[in-house]
Structure formats: structure tokens, C-alpha cells
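What the sequence shown shows, in my numbering, is residues 291 to 469, in sequence order.
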Amino acid sequence: MLIMNQNNFVGYLVSFGLILSVTVLAQEQVDSASSAGISSEVITNVNFTDCGSTAEILELTINPCARYKDRTMGNGCLLRRGTSVEFTLRFKPSIDVQSVTHEAQGEIVMANVSFRDMDPNACPCIQGGCPIRSNQVVSYVNTIQIKRMWPAFRVPVTYYVRGDNATTLVCFRMAAKLA
């Protein structure tokens with residue numbers, strides 16, 4: 291069970307790049323994957339909700355991603371703190387793009403908080419680099435560090451891949467639980 295006080299919870303929020311004055315704290319117990327019968331595996335075509343993509347999302351793979359059943363969003367990923375998680379995405383943009391950025395956000399205390407350690411330049415994550423061409427399948431791979439200092443709790447994640455002039459190429463939302 292995770293027990294937090296106001297000081298260390300605000301510290302967690304600062305690590306995500308947001309400072310909040312928190313007076314009411316949420317507490318959630320995160321069951322261990324072994325007691326829940328969750329196996330670690332690569333999940334292909336993860337359950338996600340499209341949140342405004344202009345590109346066609348062909349495939350999403352998250353590794354490692356232990357499945358868990360989220361009560362509001364369906365199947366999600368149990369992500370271990372202190373590990374790295376690789377997001378592999380295949381998509382087909384409808385426009386030519388010269389440069390690409392990306393951003394991951396977690397919804398914490400009803401605020402979308404960016405993972406601030408993520409370099410916004412996504413061109414190194416694109417197989418073949420930038421620019422990318424319309425109607426060509428793009429392979430994107432990015433590794434995100436799940437910090438040990440982050441609290442163990444359920445967090446909806448929104449992930450963006452944007453093109454020129456902040457055009458949203460890919461936007462997906464998925465359930466995640468940090469353990």
C-alpha cells in the first residue's frame with residue numbers, strides 16, 4: 291500500500307513538471323502483478339482511445355506491459371517503476387511532415403501533466419528520420435523511463451505525436467497503472 295503525505299505527493303508532482311498545492315490526497319492500493327495473476331508480455335494493438343489523430347494508427351506495441359483491467363478504460367498496462375518502457379507505433383500520415391515532436395501526459399489530480407524528461411524532438415524515434423511522407427507507413431519507437439520516485443497509482447496516459455505547426459498526427463489515450 292502506498293501512503294503519502296502532502297509534502298512527498300507535491301514532490302512527485304514536481305517531478306512531472308507541475309507544482310500544485312494539494313490539500314486533499316487520493317490514496318490507491320496497487321496490487322502486485324503476481325497476486326493478480328498478471329503476466330509480463332509484449333502487447334500488440336493495445337486498447338486505446340484515439341483522441342484526434344489525423345494519421346491512421348496501424349499498430350501500438352508497449353514492452354513490457356503487463357495487462358490489467360482498468361475499471362473505466364478497459365485493458366491497460368501495468369508499468370513497473372524503475373524500468374524502461376518501449377512504445378512502438380506504426381502509423382500512416384495523411385500529410386507530408388518536415389519535423390516531428392512528441393509528448394506524453396499523465397492525468398494527475400485532474401490535471402494533465404507532461405513527462406518532462408522526454409526530449410520533444412521525435413525525429414530520432416522515426417525509422418529513417420524526418421521528414422516523413424503522406425500515405426507512407428511510419429515506424430516510431432520511443433523509450434520512456436518510469437521513475438522509481440513516481441507514486442504507485444492508476445494514471446490515464448495521453449500520448450501525442452505532432453507534425454509541423456503542432457498538427458496532431460497521432461493522439462491516443464490509454465490506461466496505465468504504476469506499480
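For every residue, glycine included, the Cβ atom is placed at its ideal position computed from N, Cα and C.
Checklist entry - Helix, strand or coil: how does DSSP classify residue 466 here? => result For the purposes of this step, residue 466 is taken as the residue at position 176 of the sequence shown. Of the three classes helix, strand and coil, the one that applies to residue 466 here is strand, per DSSP.
Item to check | residue 450 (DSSP reduced to helix, strand or coil) | outcome: Residue numbering aside, residue 450 sits at position 160 when the sequence shown is read from its first letter. Note: residue 450 maps to strand in three-state DSSP.
Checklist entry - What's the call for residue 348, buried or exposed, on a 16-neighbour Cβ count within 10 Å? => result Reading the sequence shown from its first residue, position 58 is the one you call residue 348. With fewer than 16 neighbouring CB atoms inside 10 Å of its own CB, residue 348 falls in the exposed class.
Next on the checklist: Which same chain residues end up closer than 8 Å to residue 425 when comparing Cβ atoms and leaving out the 5 residues on each side of it in sequence?
Outcome noted: Taking the first residue of the sequence shown as position 1, residue 425 is located at position 135. Correct list, in chain order: 382, 383 and 384.
Checklist entry - In the structure shown, what three-state DSSP assignment does residue 341 receive? => result The count along the sequence shown starts at 1 and reaches residue 341 at position 51. Here residue 341 sits in coil by DSSP.
Checklist entry - Between the Cα of residue 400 and the Cα atoms of 345, 338, 445 and 465, which residue gives the shortest distance? => result Residue 400 sits at position 110 when you count from the first residue of the sequence shown. Answer by Cα proximity: 445.
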